[in-house]
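Here the structure is laid out as structure tokens; the discussion comes afterwards.
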Amino acid sequence: MAGKKFDVTALGELLIDFTENGLSGQGNTLFEANPGGAPCNVLAMLKKLDRSCLFVGKVGDDMFGRLLRDVAAQAGICMDHLVFGKDVRTTLAFVQTFPNGDRDFSFYRNPGADMMLTEDELPLDAIAGSRIFHFGTLSMTHEGVRRATCKAIDHAKQSGAIISFDPNLRPPLWDSLDEAKRQIEYGLARCDVLKIADNELEFMTGEAGFDKGAAILRTKFPNIKLFNVTAGAEGSYSYYEDKRVFVPACKLGGTIETTGAGDTFCAGVLNFVLDHGLDGLSEADLTEMLRFANTAAYIVTTRKGAIRSMPERDEVEALLK
């Protein structure tokens, strides 16, 4: 894929995660405005690994939209094709964090700018100039942005890009879970690289066992060359051809919250794919990939937010040693 301008283009939501940050003097909960959104989180980590990245999406022409543009641009992500909606506001998410680091989301997105992206607003030439195209399902929840996402996927595939998919299931954003399942299947049928969380694997297959669940989806969607499952604090699994590799999570304590951890993991995988491709991978290769991705994800759990909390390569490598 010589001559491509961008290593990775990601399409989807760019939003503000309001995360709990203590109490005021009057005992009221304080929230910190953390720039985030899964696709852009992935790109922020890839930029830490010196990859060229483009974001495609829509924000409101408001204070939050301009903040998001500036923060992402400061992170080194190309925001030249970010669309500002005049009549719709930037999507907001309020995040409640539990003692174990898990989260509950309350979205303010009815509508939100990210779901109003249209086919006509896609930078098709830039998408065609990318080695990897990455997307999730928050850009599949509503008809207009779904059409835009599907068009972008088709254009990326036609240009020879590797397609990367993260279901990133958020049940409150769907009219029905049956519709969520249909759209996740659409993504599964078109991707080459998959990152799927343990709860999403069970949602799609009804199987709590990772091996059984992975076998079901790999049989149904043989197009998926690299099938990765994240299992939270347990670790991660990679299924490739006839190989199965498990690497335990990094457990050094200090976890604050898990926002952005899966996106950081995904970026570690895509960075590996950019270096090694998808052909002829060994168990040692897959182990190396998961060790780096797990460790980077762990570091993010010790910090608040996502885009601004991504670790440097040196930090990850220091922990690996």
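Take the sequence shown: its letters are residues 666 to 986, numbered as in this note's numbering. Just so it is clear, CB atoms sit at the ideal spot from N, CA and C, and this is done for glycine as well.
Of the residues the options, the one placed nearest residue i, counting alpha carbons only
| i | options | result |
| --- | --- | --- |
| residue 750 | 732, 772, 725 | 725 |
| residue 930 | 709, 754, 761 | 709 |
| residue 979 | 964, 743, 697, 861 | 964 |
| residue 925 | 962, 911, 896 | 962 |
| residue 937 | 967, 920, 921, 956 | 956 |
| residue 867 | 846, 783, 696, 668 | 846 |
| residue 813 | 862, 823, 722 | 722 |
| residue 920 | 898, 887, 793 | 898 |
| residue 910 | 896, 791, 952 | 952 |
Counted within 10 angstroms of its Cβ, other Cβ atoms place residue i as buried (16 or more) or exposed
| i | result |
| --- | --- |
| residue 985 | exposed |
| residue 960 | buried |
| residue 949 | exposed |
| residue 763 | exposed |
| residue 901 | buried |
| residue 848 | buried |
| residue 860 | buried |
| residue 853 | buried |
| residue 908 | exposed |
| residue 831 | buried |
| residue 876 | exposed |
| residue 686 | exposed |
| residue 995 | Outside the modelled stretch of the chain, which goes from 666 to 986, sits residue 995, for which no answer is possible. |
| residue 943 | exposed |
Cβ distance (whole Å) where residue i is taken to contact residue j below 8 Å
| i | j | result |
| --- | --- | --- |
| residue 780 | residue 760 | Between residue 760 and residue 780 the Cβ distance is about 19 Å, and since that is not below 8 Å, they are no contact. |
| residue 829 | residue 674 | Not a contact, Cβ separation roughly 10 Å. |
| residue 677 | residue 803 | 6 Å |
| residue 684 | residue 970 | 7 Å |
| residue 740 | residue 756 | About 19 Å; that fails the 8 Å criterion. |
| residue 973 | residue 700 | 7 Å |
| residue 879 | residue 904 | 5 Å |
| residue 672 | residue 891 | Rounded, the Cβ-Cβ distance is 17 Å, inconsistent with contact. |
| residue 621 | residue 827 | As displayed, the chain neither begins before 666 nor continues past 986, which places residue 621 out of reach and without an answer. |
Sequence-distant residues of the same chain with beta carbon closer than 6 Å to residue i, five excluded per side
| i | result |
| --- | --- |
| residue 703 | 801, 833, 928 |
| residue 789 | 820 |
| residue 881 | 870 |
| residue 714 | 936, 978 |
| residue 679 | 702, 705, 722, 724, 733 |
Contacting residues, own chain, Cβ-Cβ under 8 Å from residue i (five flanking each side not counted)
| i | result |
| --- | --- |
| residue 742 | 705, 708, 709, 712, 718, 719, 720 |
| residue 889 | 853, 856, 857, 858, 859, 882, 883 |
Cβ neighbours of residue i in the same chain (closer than 7 Å, five flanking residues each side left out)
| i | result |
| --- | --- |
| residue 744 | 720, 734, 737, 738 |
| residue 776 | 753 |
| residue 915 | 959, 960, 963, 984 |
In chain order, what are the residue ranges of uninterrupted beta strand (DSSP E) at least 3 long that sit wholly in the segment 770 to 810?
Complete beta strand (DSSP E) runs here, min 3: 795 to 801.
Which full runs of the beta strand (DSSP E) of 3+ residues lie inside the segment 672 to 755, going along the chain?
Complete beta strand (DSSP E) runs here, min 3: 680 to 688, 694 to 701, 718 to 721, 723 to 725, 748 to 750.
Please go through the segment 821 to 887 and give each complete alpha helix (DSSP H) segment of 4 or more residues, from N-terminal end onward.
Scanning the segment 821 to 887 for uninterrupted alpha helix (DSSP H) segments of 4 residues or longer gives 842 to 853, 863 to 870, 875 to 885, listed from N- to C-terminal end.
Contiguous beta strand (DSSP E) assignments of at least 3 residues, all confined to the segment 880 to 950
Taken in chain order, the unbroken stretches of beta strand (DSSP E) that lie wholly in the segment 880 to 950 and span 3 residues or more are 891 to 895, 900 to 905, 908 to 913.
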